[in-house]
Amino acid sequence: MSKKTEENNIIEKLSPLEIKIIPYLNLGFSEITKKSGLDEVSTLRALKFLETKGILKIRIREKKTIGLGTNGIYYKKTHLPERKLIILLESQNNIPLDEAKKLSKLTENEFKVSLGVLKSKVFIELKEGKITLIASKAELVKKYLEEQLIDSLPLEQDQLKAEQLHALENLKKRKDIVEIKTKQIIDFELTESGKQIAGKEIKSEFLEEVTTDLIKSWAKNKKFRKYDIQAKVPEIYGGKKHFVNQSIEYAKRIWLELGFKEMSGKLTETSFWNFDALFTPQDHPAREMHDTFFLKEVEGRLPEAKIVNKVRQSHESGISGSKGWNYKWKEKEAKKVILRTHTTCLSARTLGSIKPSDLPAKYFAIGKVFRNETLDWNHGFEFYQTEGIVIDENANLCHLLGYLKEFYQKMGFNKIKFRPSFFPYTEPSVEIEVFHPEKKIWVELGGAGIFRPEVTAPLLGKAVPVLAWGQGFDRIITDYYKIKDLREMYSNDLKNLRNKNFWIK
Amino acid sequence: MAKIKFPRKEAEKHFKLTAENVEKISMFGTPAELNDDFLEVEIFPNRPDLISLENFARAFKAFTGKSSGIKNYKINKPEKDFKVKIGSSVKEVRPFTACAIIKGLKFDDEKIKSVIDLQEKLHTTIGRNRKKVAIGIYPLEKIKLPIKYEARTSSDIKFIPLEMSQEINGLEILQRHPTGREYAHLLSDYKKFPVFVDSNNKILSMPPIINSNETGKITQETKDVFIECSGSDLEVLKKTLNIIVVTLSEMNGKIFAMELDYDKPLITPDLTPDKISVSLDNVNKLLGLELKEKDLSNLLPKMEYEYKNGKVSIPAWRSDILHEVDIIEDIAIAYGYESLIPKIHKVATIGEETKKSKIKTKISEILAGLGLIEISSYHLIKAEEAEKNKSSLIELEISKTDYKFLRNSLLIPNLRILSENKDNDYPQRLYEIGPIFSSDKRNKSETGLLETENLIISLTPGNFTEIKQILDYITKALRIKYTIKETAQKEFIDGRAAGILINDKIIGHIGEIHPETLISWNLRMPLAVMEISLEEIYNILSEN
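Just so you know, the sequences run in chain order P and Y.
At position 306 of the first sequence the residue is numbered 290 (the numbering used here), and the sequence of numbers has no breaks.
At position 105 of the second sequence the residue is numbered 94 (the numbering used here), and the sequence of numbers has no breaks.
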C-alpha cells in the first residue's frame, strides 16, 4: 500500500473526536486539551482511538501528591495533639497522666498517640504515673519535622527529602492527617504514520451519525465514515433472575410436564410434621440441637386429634402391621418449632390433607431447607431441596427409579445408578448416584424411597404406596455453573451475578 | 450413621478386596471405600449388627452366596452362680439389664481394640449415646459370681474408676472423671445411681458411666468375660447383647447364658429367631417384580433369613424388622438394585403450579425486564445486624455460625449485600422476593410465627422519583391500585419516606435511606428502597 492510500485509509476511519486533536498532535496532552476545546476524558479517549489505529503510543505515569487530610487541616489550624500536650506541660510540668489527659482536652486516642510521639522524641519521661517534660526549651520551641511537613504541604512525593519522607511515614500511620492523591500523567509518542498526519487540518467529507435531518435530505453518492468495527465497546449489564432461581424454574417445569402438582408451605415448621409424622423417633439424632435449628420461645400446635393419635400409635406400639418403636411418645417434643430440615414435611402435610377421591396423585416442591451446619466450601446452613411424591395403589420401586431417571436426565445427568440406603420414613430406600464425567467418580445426589406404612397409614387412613424423594438441589446445579465452593451460591457478588451464564436447557 | 474402618489386613482374612467386591459391598447397603490401610464402610442406623467385622463378614458371605440362612450359635446353659440379682431400686433410674458370659477367648491387642470399638460404636448408634444402652465387659477371673445390679446413694459407691488411681464416690465420678462429666446428664436427676456389684461386694461399674479399674478392664490374659447391657428398653438391650455375643463367638468364644431374676425370671442371651409373615403378592407389588415362591427361598437366605411357607425367620441380632416392608427391602437388596429396571409409571395426572408461584415468577420477569438483578440472600441474619434493627426478632436456640436470628425484613440482608458490593460497578439495581418472619400475636398459625413473602427493590445511586417510577410500573403492570401516605420510618429520611397502601392496608414502605443508616452499613452512595409484602397482591390476583 502506498503511503498516500494508507493515509487516506486512516483518514476515512477518523471520528470527529480524533479529527479535532490531529492538528495539535505535536503538542503535549494539556495543550491539546486546551486548544481542541475538549475535556481531558475526551482527549484521552481520542488518543486511545488513535493508538488502536497505529498513529501513536500512549505512556501513562503516576504522580503522587501529598496533601492534608481532614484531621491534617484541623491540626494545621490549631496544633498537633502532641504540641497541645507540650504547651500544657510547659505551664504545668510533672503532673499525673489522667490529669494531663483531662487538662489537655485530648481524646483517648489523641492522648495515647501524643504520649507515644513525645516519648520517641525523648521530649518526655513517664515515671510513677506522672508525666515530665525533659527536653530543653530550645528544642521545644523549634517546630519538629512533622509540623514542618504539615506546614509545607501540598508537595509531590518524588520531591521529598529523606527527612520529609521519614516524617511522612510517621504521619501516614495516624488517621486522616495526610492524604495521598495519585494523578495520572499522560504523554505519548507518534509513530511513523502518525508523524505524517500530525498537525494537519483534516477536512473530512465523510458523513458521521445518521440523523433525522440527514435522512430527510438524503442525496445519493454520499459516503459515511467507516467505523473501526473491531473496536471494543463499553460493557453493559442486563437485568436477570438469580441463577439458582433460573434453574429452579427449569426443574419446576420438568415436574409440571410430568404431571405433578406443586406443594407449598412454610419454612418454619413443627417437629410433628418434620419428624413425628415421618416416623422419626423422638430420640433420633437428627432431632438434636446440633443438627437442627430450633426456635426460641415459641411452641407450636398439633393438628387434629385423629392424626396425632394415629401418629402416636405408630411410634408407641405400631400401626398397620408394624411393631412400632416401643417408647413413650411425647406431645411436647412434637410441638417444638424448627426450621424445616427437609421438604418432606410438605409431603407429610399433603398426605394428611388429601382425599381418597384425589388418587392417584403426584406432587412436587422445590424449597429451602435448613441444617445447623458451619459455612465452608462443602457445607451451608440453608440449601434447596427438590421433593416429590406419587400416591397410587399400583406404584412400585421400579416406577420410583423411572421418575428419578427421567428427572436427572432432563437435568443433564445421563449416567445414573441406584443403591440401597436408609431413611427412617422409607422402606425400601434408595440413594441416587450420578457419574461425574470430569472427575470420573460417582457422586451421591440424594435419597428416595417408598414411604413406610407407619407414615402413610396415620396420614392417609390406610397404607397406600407413596413413592417419595427429596434431594439436595444445589449440588445438582453446581457443575452447570462451574461452582466449586457452595458459599458462592448465596454470596451475591454482583460481578459474579452479572457475568454468570444463563441457565439454558 | 456410623463410618466404620475395618483394618484392611483383617478384612482380607474374610473376603477378597477386589474392586468388584468393594462395589458389591456398596450394593449390599453399606457404601464402601477402600484405601491402603482400611476398608471404610458406612453402616446405616438400621443395621448396628454389621458394626463388627466378624458379623459383617458373615453377612456379606451370605450375600455373595458363600453361605446362607441363619447361622446357628450354640448357647450353653448357665453354670452354677451364673446369675444376676436385680434390685428393685434400679427401676427408677435404669431398669433393665441383659447379660451373658463368654468363655475361652484369646485376646491380642488387635482383638481388644476391635471389641472396644464395637462397644463404643454401639453406644453412639443403637445406644443413643449410652442413654438407651450402655455396655460393660469384665474379665471373669477378677470377679466373683453371682452379680448384683442395684442402685445406691453416692456415698455407698466407692471404687477406682478406669483412668484414675484413687477411690472416689459416685458424685465425684460425675464431677471429676472426664467420662463422668461427659455423661453426667444421664444420672444427674437421680438420688441413687445404678451399680453392678460382685459377690465380694466389689463394684464392677457404675453404668452408663465407667467401669472399675480393678474389675472392669480386659487384657491379653483375659479368657472369660462377663457382659452386661443396661438401659431403659429391654428388647433393645437383648438385641445389643446378641450382637456382642455372636461377635465374640465368631472370635471362638463359647456363649453361656445367665439367669436374671426379674419379677418374671429371664434367661439371656436368647438367639431364637423372630418370625414374620411375608406375602409374595406384597413383595411383587411393592418392588414391581414378578418373583415366584422359589425366588423368595433363594433370595432371603442371602440376607441371612430363612423362609418357609410365607414365614420368614429373622436372626435374633436384627433390631430393625418392624414390618413386612423391612423384609421386602432386603429381598430387593438380595435381588440387586442394579438389576431393577426403571419403568415409566403410566398414570394420568395433571400438573399444576400454585397461583402464588405463578404470580411470583411474573413479578420477577417484570423486574428483570427493567434491568434489575435478582439477589438471593440467607433467611438468617447475624447477631450484630439484629442489634442494629432493634425490634424483637425470632432467635435460634443454637447456631454454629454468626447467623442466629430469622430476618424480619429483606432490608437487612439487602444492606449487607450492598455493603459487600460497594466496590463493584454502579448503578446497582437489585430486587429480591422471599419470606420474612415475625411472631404471630394473634396466635392463629400452627407454629406461633408469621411468615409472609416480601419484595424489596433497591437502587443505588437512586432517589425517590426513580424508585416511585418502578412502583408505578409494577402496580400498573399487575393492574393494582395503590395509594401512598407520608410516614416517619426509621432508616429513611423524614419527608422522603412513605407507606404504600392497597385497599387501605399498609403493605410496605418506599423512600430514600438516611445517610446515618448508610454510614452504619459502610455505604457511600445514595440509596432508594421499596419493600412491600406480596400477600395482599397474591390475594387480589388469585381472585381474578
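Where is the CB? At the ideal position from N, CA and C, for every residue including glycine.
Source: prediction; values computed, not measured.
Check	Outcome
Continuous alpha helix (DSSP H) stretch holding P/Met247: start and end	Segment: none, P/Met247 is in no alpha helix (DSSP H) and carries neither H nor E.
Any C-beta of chain P under 8 angstroms from that of Y/Glu363	yes
From P/Val295, P/Lys290 and P/Ser255, residue whose alpha carbon lies closest to that of P/Met273	P/Ser255
Where P/Glu357 meets chain Y, residues with beta-carbon distance less than 7 angstroms	Lys389
Beta bridge counterpart(s) of Y/Ala(-9) as assigned by DSSP	Y/Ile32
Within 8 angstroms, strictly: CB atoms of P/Asn380 and P/Pro449	yes
Beta-carbon spacing of P/Gln393, P/Gly454 below 8 angstroms	no
For P/Glu66 and P/Phe277, the rounded distance between their alpha carbons	54 angstroms
Interface partners of Y/Phe426 on chain P, CB under 7 angstroms	Thr252
Rounded distance between the beta-carbons of Y/Ile162 and Y/Ile198, thought under 8 angstroms	6 angstroms
For P/Asp267, the nearest candidate out of P/Thr36, P/His299, P/Ala345 and P/Thr252 (CA to CA)	P/His299
Pair within 8 angstroms by beta-carbon distance, Y/Ile422 and Y/Leu523	yes
Straight-line Cα distance separating P/Ile467 from P/Ile425	17 angstroms
Cutoff 8 angstroms: Y/Ile330 Cβ touching any chain P Cβ	yes
Stretch pair the segment 168 to 176 of chain P + the segment 40 to 47 of chain P: three plus CB contacts closer than 8 angstroms	yes
Proximity test, Cβ basis, 8 angstroms: Y/Pro(-4) and chain P	no
Top-ranked residue by Cα proximity to Y/Gly299, from Y/Leu6, Y/Leu193 and Y/Asp284	Y/Asp284
Three-state secondary structure (DSSP) of Y/Asn158	strand
Integer-rounded CB distance, given that P/Ala452 should sit under 8 angstroms from P/Ser331	6 angstroms
For Y/Met519, the three-state DSSP class (helix, strand or coil)	strand
P/Phe509 vs P/Leu9 beta-carbon contact at 8 angstroms	Outside the shown range of chain P, which is -15 to 489, sits residue 509 of chain P, and nothing can be said about it.
DSSP state of Y/Ala487 mapped onto helix, strand, coil	strand
DSSP-derived helix/strand/coil call for Y/Thr390	coil
Members of the segment 389 to 405 of chain Y that neighbour chain P once the beta carbon cut-off is set at 8 angstroms	Lys389, Thr390, Tyr392 and Leu395
Cβ separation of Y/Arg117 and Y/Val184, assumed to be a contact under 8 angstroms, to the nearest whole Å	Actually they do not touch by this definition, with Cβ atoms about 21 angstroms apart.
Nearest neighbour of Y/Lys(-6), chosen from Y/Thr7, Y/Glu455, Y/Ala8 and Y/Asp25 [CA to CA]	Y/Asp25
Nonlocal neighbours in the same chain, by C-beta distance under 7 angstroms from P/Phe435, ignoring five residues either side	Tyr409, Thr410, Val450 and Ala452
Environment of P/Leu73 [buried if 16+ CB atoms lie within 10 Å]	buried
For P/Leu451: DSSP bridge partner residues	P/Val374 and P/Ile434
Through-space distance from P/Ile134 to P/Thr166, alpha-carbon basis	19 angstroms
Pick from P/Ile461, P/Gly386, P/Ser(-1) and P/Asp469 that is closest to P/Phe486, judged by C-alpha positions	P/Ile461
CB of P/Glu(-4) within 8 angstroms of CB of P/Ser177, strictly	no
Proximal residues of chain P, C-beta to C-beta of Y/Ala357 below 7 angstroms	Gly223, Lys224 and Lys225
Cross-chain neighbours of Y/Thr343 in chain P, by beta carbon under 7 angstroms	Glu246 and Ser248
Minimum Cβ-Cβ distance from Y/Pro34 to chain P less than 8 angstroms	yes
Within 8 angstroms, strictly: CB atoms of Y/Arg47 and Y/Lys60	yes
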